[in-house]
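Sequence order for the protein chains is X and G. Residue numbers for the first sequence follow this note's numbering, so the first one is 1 and each next one is one higher. Residue numbers for the second sequence follow this note's numbering, so the first one is 1 and each next one is one higher. Think of the CB as a built atom: it goes at the ideal place given N, C-alpha and C, for glycine as much as any other residue. Step one of this worksheet: look at the structure below.
Protein chains: 2
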Amino acid sequence: MDRIFLAPSSDEVFDFVSREHRQRMIIVAGMCTVEYRGRAFSFLPLGERLVMVKQDGCVIVHRSRGREPVNWMPPGTRLDYAVDDQLFLVHCEKRSSREKMVMEFVEVNLLASLLLNDSGQQSLVGLESDMVDQIVEQPHVLEDGLRIVRREKQTISGSIDLFAIDRDGVPVVVEVKRNPPGAQAVSQLEAYILDFREKNRRAVVRGILCAPRVPRMVRTLLTDKGFEWREFTPIFEFEDGGQRRLDEFI
Amino acid sequence: MDRIFLAPSSDEVFDFVSREHRQRMIIVAGMCTVEYRGRAFSFLPLGERLVMVKQDGCVIVHRSRGREPVNWMPPGTRLDYAVDDQLFLVHCEKRSSREKMVMEFVEVNLLASLLLNDSGQQSLVGLESDMVDQIVEQPHVLEDGLRIVRREKQTISGSIDLFAIDRDGVPVVVEVKRNPPGAQAVSQLEAYILDFREKNRRAVVRGILCAPRVPRMVRTLLTDKGFEWREFTPIFEFEDGGQRRLDEFI
DNA sequence: CGTGCCAGGTGCCCT
DNA sequence: AGGGCACTTGGCACG
C-alpha cells in the first residue's frame, strides 16, 4: 500500500519518484537548498526539510516550525527530477504564472509515497456568508422594520454585503464583518456611501457596519463619519439539530 | 535517526507519539475523521489524510490535493493522545484562542518522526517593502523633484506608505501596492486624503497610487476622484551582484 | 496582549 | 483569464 525508503541513495530516490510521480503523494525529507524565482525571489540555504509533492502537482516545503510552508509551488506545477553529481535535483516550473522552484538534495533521510483515498466533503459553518444568511432571514437582528433588498450588490467601488430599506423608506448600506473590523472596513463603507450619493444626487442613505464585535476606535471613526454600527453574534445550526454561538467554546 | 512504522496498531501509535511528541516532528497518515470547533465549526468525514505535528505544537492536516491544509491548529496547541475502542485519538486544544480539534484514526498506514536540523535563514526579495525602498532611494521614478518626507506615516484611517512634497511644495500621499490594486486601494487612498484635508483645513494635497500594473477600472476610479497613478516595476539586486526585474521570468 | 497590514498570500466565485 | 473578496487567513512589526 504505502512505500517507504530510509536513507536511500540519490539514484534510488530518482527511480522511486519517477515511478510514483502523479500516481501517489510523495514525501521527501532531507537536507536540501530551495531557490524560488517568480512572484518574488528567495533562497533557502542548506537544511533539513519535509517536502510533499501532491498528485495535483503542488509542492509544499515545510520547516520544523510554523503552520506555513517556507516554499511551495501551486497546483498544476510541472516537475522534473534528476541526479547530478550525487545530488538529487527537483526542478519545478509553472509557466502560466511564470514561476520556478529548484530543490537540491544533498541527502534524503526519508522517502515515502501515499495513496490517500479521500472523497468526503468537509462541512464548515461560521463563515461571513452564514452570518449574512442569518441577517437576511431575520433582518430585525439589525433593527425593526428593516427590509433586505439585495445581497452582494455590485458598485464601482466594490460590492456591498447587503442593501436594505429601513422602516422610513431610507436606503441602508450594510457591511458585514465576521472578524473585528479595522479602519479599512470603514473606508470601504464610506466609499460605497459616497458612490451611492454621487449616483443618486446626494440622496439620504445610511451606512451600518455589522460585526460580532466593533472595536472602540472603529466606533468613533464610524460616528465621526455619520455611520452606524451593530454588534451581532450569529447562532449556527448543526445537522444534529444543535445550536451554538460562534463565541461559545466547547 | 528517523523512525518509522508501517501499519502500526493503535497501541503502537500511542506509544510512538507519546515518546516522540515535541521531541521530533511526527507524521501520521491514515484513515480518520477531523472535527474543529473554535473560530468556526467544521467536520470532515472518514477519509485518508496526512497529518504533521510539529515541535512548536502546530498541527497540519493535508488531503490528497491542494496547497492548503483542510484542517489545522496554530503553534502553541496542546495535544493529548489516547486509544479508545481500537481508535487512536488526538485531542488538540488551544485555550488562548479557544479552539479545539479532534482527530479519530480508524487506521494508521504510516507513522514516522523526523528531527529536522534547519537553522539557515531564508533570503527573500521582491516584497512591497523592497519596492518602497527603491522609491525612497530614487523618488524620480515617481516624478522629478519629488522629496520623500516620511515613510509609514500613521493616520486615523490607517498608515500610508509614503508622504512626500512635490517640486511645487504640494504635499503628496503615496500608496504603494506590490500587486495590481483593486478599488479597495483607492478607498484606502481616499480615506487618507479626506483625513488629511479634514485635519489641515482643506489643504491642497495630491494622491498617487503606485503599482507595477494599475488595472483600467482602477485608473478610471482614481481619475474620477482626482487622484493619480504610476506604473513602476522595481529592479532587485542580489548578493551575487545581479539585477532582475520582478516581471522577468527565468 | 491588541492593532494594523503585507503575503510568492490561497481559494472561490463571478464576469 | 481576470477581478473581487473572504479566510479557522498566517505572520510580523509595533504600540
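Contact belief for residue i with residue j at Cβ below 8 Å, rounded distance in angstroms
{"i": "G/S42", "j": "G/P74", "result": "At roughly 15 Å, the Cβ-Cβ gap does not stay under 8 Å, so G/S42 and G/P74 are not in contact."}
{"i": "X/L221", "j": "X/V186", "result": "5 Å"}
{"i": "X/V51", "j": "X/V61", "result": "5 Å"}
{"i": "X/D195", "j": "X/I156", "result": "6 Å"}
{"i": "X/V70", "j": "X/R78", "result": "Rounded, the Cβ-Cβ distance is 21 Å, inconsistent with contact."}
{"i": "X/G126", "j": "G/A183", "result": "The Cβ separation is near 27 Å, so there is no contact."}
{"i": "G/R178", "j": "G/M131", "result": "6 Å"}
{"i": "X/G30", "j": "G/G120", "result": "Actually they do not touch by this definition, with Cβ atoms about 14 Å apart."}
{"i": "X/V83", "j": "X/F14", "result": "5 Å"}
Closest Cα partner of residue i within the set the options
{"i": "G/E107", "options": "G/R95, G/G120, G/V90, G/N71", "result": "G/V90"}
{"i": "X/V28", "options": "X/E35, X/S9, X/R37", "result": "X/S9"}
{"i": "G/L87", "options": "G/K225, G/R19, G/C32", "result": "G/C32"}
{"i": "G/L209", "options": "G/K199, G/Q188, G/G47, G/G242", "result": "G/Q188"}
{"i": "X/V136", "options": "X/Q122, X/D84, X/F163", "result": "X/F163"}
{"i": "X/R65", "options": "G/E68, G/G76, G/R65, G/R67", "result": "G/G76"}
{"i": "X/M25", "options": "X/E231, X/E237, X/R3", "result": "X/R3"}
{"i": "G/L116", "options": "X/L115, X/N109, X/L116", "result": "X/N109"}
{"i": "G/F105", "options": "G/P215, G/D11, G/R202, G/V214", "result": "G/D11"}
{"i": "X/R167", "options": "X/Q154, X/D144, X/R151, X/R49", "result": "X/D144"}
{"i": "G/A7", "options": "G/R37, G/L111, G/E68, G/G38", "result": "G/L111"}
{"i": "X/E231", "options": "X/E152, X/G38, X/V218", "result": "X/V218"}
{"i": "X/P153", "options": "X/Q243, X/R67, X/E68, X/I193", "result": "It is Lys, not Pro, that sits at residue 153 of chain X in the sequence shown. Selected option, being the one with the closest Cα: X/I193."}
{"i": "X/E237", "options": "X/L146, X/V141, X/L124", "result": "X/L124"}
Burial state of residue i (16 or more Cβ within 10 Å)
{"i": "X/K94", "result": "buried"}
{"i": "G/V204", "result": "exposed"}
{"i": "X/R22", "result": "exposed"}
{"i": "X/I160", "result": "buried"}
{"i": "G/I235", "result": "exposed"}
{"i": "G/R245", "result": "exposed"}
{"i": "X/V170", "result": "exposed"}
{"i": "X/K199", "result": "exposed"}
{"i": "G/P180", "result": "exposed"}
{"i": "G/E20", "result": "buried"}
{"i": "X/R255", "result": "Residue 255 of chain X lies beyond the range of chain X shown here (1 to 250); nothing can be said about it."}
{"i": "G/G226", "result": "exposed"}
{"i": "X/R197", "result": "exposed"}
{"i": "G/G38", "result": "buried"}
DSSP-derived helix/strand/coil call for residue i
{"i": "G/H21", "result": "coil"}
{"i": "X/L87", "result": "strand"}
{"i": "G/V186", "result": "helix"}
{"i": "G/D56", "result": "coil"}
{"i": "X/D80", "result": "strand"}
{"i": "G/F5", "result": "strand"}
{"i": "X/D161", "result": "strand"}
{"i": "X/A191", "result": "helix"}
{"i": "G/P139", "result": "helix"}
{"i": "G/L111", "result": "strand"}
{"i": "G/L127", "result": "coil"}
{"i": "X/E228", "result": "strand"}
{"i": "X/V204", "result": "coil"}
{"i": "X/R39", "result": "coil"}
{"i": "X/K199", "result": "helix"}
{"i": "G/L209", "result": "strand"}
{"i": "X/Q154", "result": "strand"}
{"i": "G/L222", "result": "helix"}
{"i": "G/E12", "result": "helix"}
{"i": "G/Q243", "result": "strand"}
{"i": "X/R147", "result": "strand"}
{"i": "X/V70", "result": "coil"}
{"i": "G/R49", "result": "strand"}
{"i": "X/V132", "result": "helix"}
Inter-residue spacing [alpha-carbon to alpha-carbon] between residue i and residue j
{"i": "X/V102", "j": "X/S113", "result": "21 Å"}
{"i": "G/T233", "j": "G/V173", "result": "19 Å"}
{"i": "G/S18", "j": "G/D118", "result": "24 Å"}
{"i": "G/F16", "j": "X/P212", "result": "43 Å"}
{"i": "X/A191", "j": "G/P45", "result": "43 Å"}
{"i": "G/W72", "j": "X/Q122", "result": "13 Å"}
{"i": "G/E128", "j": "X/E35", "result": "20 Å"}
{"i": "X/C92", "j": "X/R201", "result": "55 Å"}
{"i": "X/R151", "j": "G/D56", "result": "42 Å"}
{"i": "G/D133", "j": "G/L142", "result": "13 Å"}
{"i": "G/E228", "j": "G/V214", "result": "11 Å"}
{"i": "X/E68", "j": "X/T223", "result": "39 Å"}
{"i": "X/L146", "j": "G/H140", "result": "53 Å"}
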